[in-house]
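Once you know that position 396 of the sequence shown is 386 in my numbering, the rest is easy, because the numbers rise by one and skip nothing.
Written below as structure tokens is the structure these notes are about.
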Amino acid sequence: MVVSLRLPSLSSLFSPSISRRYPSVLRRRHHLRPPPSSASFSAQSTAPATDVVDSRKSNQKVQDGGVTPRSQDFNAWYLDVIANAELADYGPVRGTMVIRPYGYAIWEAIQDYLNVKFKETGHSNMYFPQLIPYSFIEKEASHVEGFSPELALVTIGGGKELEEKLVVRPTSETIVNHMFTQWIHSYRDLPLMVNQWANVTRWEMRTKPFVRTLEFLWQEGHTAHATPEEAEKEAIQMIDVYTKFAYEEAAIPVIAGRKSKVETFAGAVRTYTIEAMMGDRKALQAGTSHNLGQNFSRAFGTLFTDESGQRQHVWQTSWAVSTRFVGGIIMTHGDDTGLMLPPKIAPIQVVIVPIWKKEDDKAGVLNAASSVKDALHTAGIKVKLDDTDQRTPGWKFNFWEMKGVPLRIEIGPRDVSSQSVVVCRRDVPGKQGKVFGISMEPSILEAYIKDKLDEIQSSLLGQATSFRDGNIVDVSSYDELKVAISQGKWARGPWSASDKDELKVKEETGATIRCFPFDQPHGIKTCLMTSNPAEEVAIFAKSY
-9 MVVSLRLPSL
1 SSLFSPSISR
11 RYPSVLRRRH
21 HLRPPPSSAS
31 FSAQSTAPAT
41 DVVDSRKSNQ
51 KVQDGGVTPR
61 SQDFNAWYLD
71 VIANAELADY
81 GPVRGTMVIR
91 PYGYAIWEAI
101 QDYLNVKFKE
111 TGHSNMYFPQ
121 LIPYSFIEKE
131 ASHVEGFSPE
141 LALVTIGGGK
151 ELEEKLVVRP
161 TSETIVNHMF
171 TQWIHSYRDL
181 PLMVNQWANV
191 TRWEMRTKPF
201 VRTLEFLWQE
211 GHTAHATPEE
221 AEKEAIQMID
231 VYTKFAYEEA
241 AIPVIAGRKS
251 KVETFAGAVR
261 TYTIEAMMGD
271 RKALQAGTSH
281 NLGQNFSRAF
291 GTLFTDESGQ
301 RQHVWQTSWA
311 VSTRFVGGII
321 MTHGDDTGLM
331 LPPKIAPIQV
341 VIVPIWKKED
351 DKAGVLNAAS
361 SVKDALHTAG
371 IKVKLDDTDQ
381 RTPGWKFNFW
391 EMKGVPLRIE
401 IGPRDVSSQS
411 VVVCRRDVPG
421 KQGKVFGISM
431 EPSILEAYIK
441 DKLDEIQSSL
451 LGQATSFRDG
461 NIVDVSSYDE
471 LKVAISQGKW
481 ARGPWSASDK
491 DELKVKEETG
501 ATIRCFPFDQ
511 PHGIKTCLMT
521 SNPAEEVAIF
531 AKSY
């Protein structure tokens, strides 16, 4: 490999991410198993020595008492939740992560939804090779310029130096076009619409688990069309699919819109995005859809014969979401207790915790709990019975709250006698979220549980929407923008200034144009930077 691989010190595996041009078990009071002190995610070793010491002190506090409070240190909180909820662990190569079963189950829920939507809209799944000839990357000038700093290259294979170095897939537009050129000959071959679920490697210098890692998982769709109108319609359609998923499944109120020229994907004509506000009010680019125009088809000679017999270059799109969405779910909904999952994407929607003190009560409680589990499972609810007797009920309560399970059912001897259960909501802490005396009768319990899951789904979206809207400030001048950004908020204002002005905002405030929202206000507007007429408002924010 041209890039050097080195084993990191375990204290420097992940670090807070920084804005880039192209985005995108700890012990608690009830004795959660503490991990080795070196195994937690922590700040990168390039930070000043004083920061490293502080981070170690913080980690010790977490091990002694629980998760770092979000308000105290959002990044430490995020890493603590990932470790405690058993979502991911460190890999042996700096900047990589191992996605653990529970974290991968969330990714599978994302896959399950999107796979259906992709096929409903006429796309087929397939797979392209991970190794790409370097000459392919060089064919599209802006593409190679945008990705060169992030490329991992293979120069030796089978003990011999390769005639041509190979790129470990950073994205697949180049190899897709190489194959499209062989498959597309006539207008009858169009549209060609495919998707692949794959891993991607980008040699990031500063990483954050799920949000930005050296290797990550994603889906990438690629389509070829006979007209520019078809390509544009496809690009918009797919960002709409992502938007619907964010709202209806992940309960994340994203803002959909168009990227600025500066923030457009390398090689695209237009990039559309969904931008989400995280719990620290930073923006997360959660998904993108690119209208590639004819840039790649001209570079690769991807031609077709149209209905009039003329040879034309195809019009293309590409679009993707990745495991970064898992990070977005954590940072949108999580709290100081841990993860909080929207029911529609939760691997476990309901956990049943049986409670008994006397051995004589054990069999009756377990039998009742098992019957409840079977009834809910039959009703299509993702349910788990935690019947281990090696942990106390209090430990189990904390453990499943940490993992963000939306509902907990408690069943004890008194509940067995009354043929009822206790239901506790993860999103409503304490006694307010606990309801006693819900009948075990299957039809009643199933209806109640489904209703509560729907309530939680709606409540999480509502809370996130209120938080987002309360942290977006409408501005009409650059001074107002700077104040809003300095307060950690998003700034929304009219914009028609130059790319140079946009870069000036980034340099002076750390904020970038996240998008020009599709939903635009009516009326005459004046650019906040130049005072010239402006047709659109843009949203500025600091981002991951």
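We put the CB at the ideal spot given by N, CA and C, even for glycine.
For residue i, tell me which candidate among the options has the shortest Cα-Cα distance.
i      : options                           : result
Trp67  : Glu400, Ser533 and Gly317         : Gly317
Thr368 : Leu435, Trp346 and Ala188         : Leu435
Phe286 : Glu297, Ile335 and His212         : His212
Leu182 : Val144, Gln306 and Pro243         : Gln306
Val144 : Arg159, Glu135 and Glu130         : Arg159
Pro383 : Ala216, Val373, Gly420 and Pro344 : Pro344
Leu329 : Glu349, Thr516, Gly283 and Gly269 : Gly269
Tyr117 : Phe126, Val166 and Leu152         : Val166
Cys505 : Lys223, Ser250, His215 and Ser360 : Ser250
Ser449 : Ala358, Glu238 and Thr164         : Glu238
Gln447 : Pro332, Val411 and Pro337         : Pro332
Ala273 : Ser312, Asn281, Thr322 and Gln300 : Thr322
Thr254 : Met267, Ser308 and Ala95          : Ser308
Tyr468 : Asp491, Ser361, Ser433 and Ala95  : Asp491
Met195 : Val57, His303 and Arg84           : Arg84
Met228 : His280, Asp459 and Glu130         : His280
Nearest-angstrom Cα distance between residue i and residue j?
i      : j      : result
Val341 : Lys393 : 11 Å
Val430 : Thr327 : Note on residue identity: the sequence assigns Met, not Val, to residue 430. Going from the Cα of Met430 to the Cα of Thr327 covers about 29 Å.
Ala258 : Gln172 : 22 Å
Ile146 : Tyr124 : 14 Å
Tyr103 : Ala454 : 21 Å
Phe206 : Gln101 : 14 Å
Val201 : Asp364 : 37 Å
Trp485 : Phe389 : 48 Å
Phe315 : Glu400 : 32 Å
Gly112 : Asp230 : 15 Å
Leu209 : Ala310 : The sequence given here places Gln at residue 209; Leu does not occur at that position. Approximately 5 Å between the Cα atoms of the pair.
Lys150 : Ala142 : 18 Å
Thr86  : Gln339 : 29 Å
Lys198 : Tyr177 : 44 Å
Arg175 : Gly81  : In the sequence under discussion, the amino acid at residue 175 is His, which differs from the Arg named in the question. Roughly 44 Å separates the two Cα atoms.
Ala481 : Met169 : 43 Å
Gly483 : Gln186 : 38 Å
Ala353 : Val418 : 31 Å
Ser407 : Ala75  : 34 Å
Glu470 : Leu518 : 9 Å
Gln191 : Asp325 : The residue you asked about is not Gln; residue 191 is Thr in the sequence shown. Their backbone Cα atoms lie some 31 Å apart in a straight line.
Gly78  : Glu297 : It should be noted that the sequence gives Ala, not Gly, for residue 78. Spanning the two alpha carbons is a distance of roughly 52 Å.
Pro337 : Asp350 : 33 Å
Lys109 : Val184 : 9 Å
Ala474 : Pro403 : 56 Å
Ile72  : Val495 : 33 Å
Gly93  : Asn461 : 29 Å
Gly452 : Glu153 : 57 Å
Buried or exposed for residue i, going by 16 or more other Cβ atoms inside 10 Å?
i       : result
Val106  : exposed
Ser533  : buried
Ala225  : buried
Leu(-5) : Summary for Leu(-5): the model assigns pLDDT 32, below 50, so the residue's position carries little reliability, and this model does not support an answer.
Leu121  : exposed
Thr292  : buried
Val244  : buried
Ser28   : Since pLDDT at Ser28 reaches only 32, below the 50 mark, its modelled position is unreliable, and the value read off the structure follows with that caveat. Ser28 should be labelled exposed.
Ser476  : exposed
Thr203  : buried
Asp444  : exposed
Glu265  : buried
Asp54   : Any reading at Asp54 needs caution, since the residue's pLDDT is 42, under 50, leaving its predicted position unreliable; the model's value is listed next. Burial call: exposed.
Ile514  : exposed
Ala437  : exposed
Gly56   : buried
Pro523  : exposed
So residue i and residue j are supposed to be a Cβ contact under 8 Å. How far apart are they, rounded?
i      : j      : result
Ile439 : Leu397 : 7 Å
Ala236 : Ala276 : 6 Å
Thr278 : Thr261 : 6 Å
Ala246 : Phe508 : 5 Å
Arg271 : Lys479 : 6 Å
Leu375 : Ala359 : 6 Å
Val411 : Val362 : 7 Å
#### Entry: Secondary structure, beta strand (DSSP E): runs of 3+ residues fully inside the stretch 411 to 494
You should have 424 to 429, 462 to 464 and 480 to 484.
### Query
What are the complete alpha helix (DSSP H) segments, minimum 4 residues, inside the stretch 76 to 139?
Taking 4 residues as the minimum length, the alpha helix (DSSP H) runs contained wholly in the stretch 76 to 139 are 91 to 110, 124 to 128 and 131 to 137, in order along the chain.
### Task
Identify every run of the beta strand (DSSP E) within the stretch 209 to 248, keeping only runs that are complete inside it and at least 3 residues long; order them along the chain.
245 to 248, all fully within the stretch 209 to 248.
### Message
If we require 4 or more residues per run, which alpha helix (DSSP H) segments fall completely within the stretch 260 to 314?
### Response
Here the runs fully enclosed are 285 to 290.
### Message
If we require 4 or more residues per run, which alpha helix (DSSP H) segments fall completely within the stretch 158 to 215?
### Response
You should have 163 to 173.
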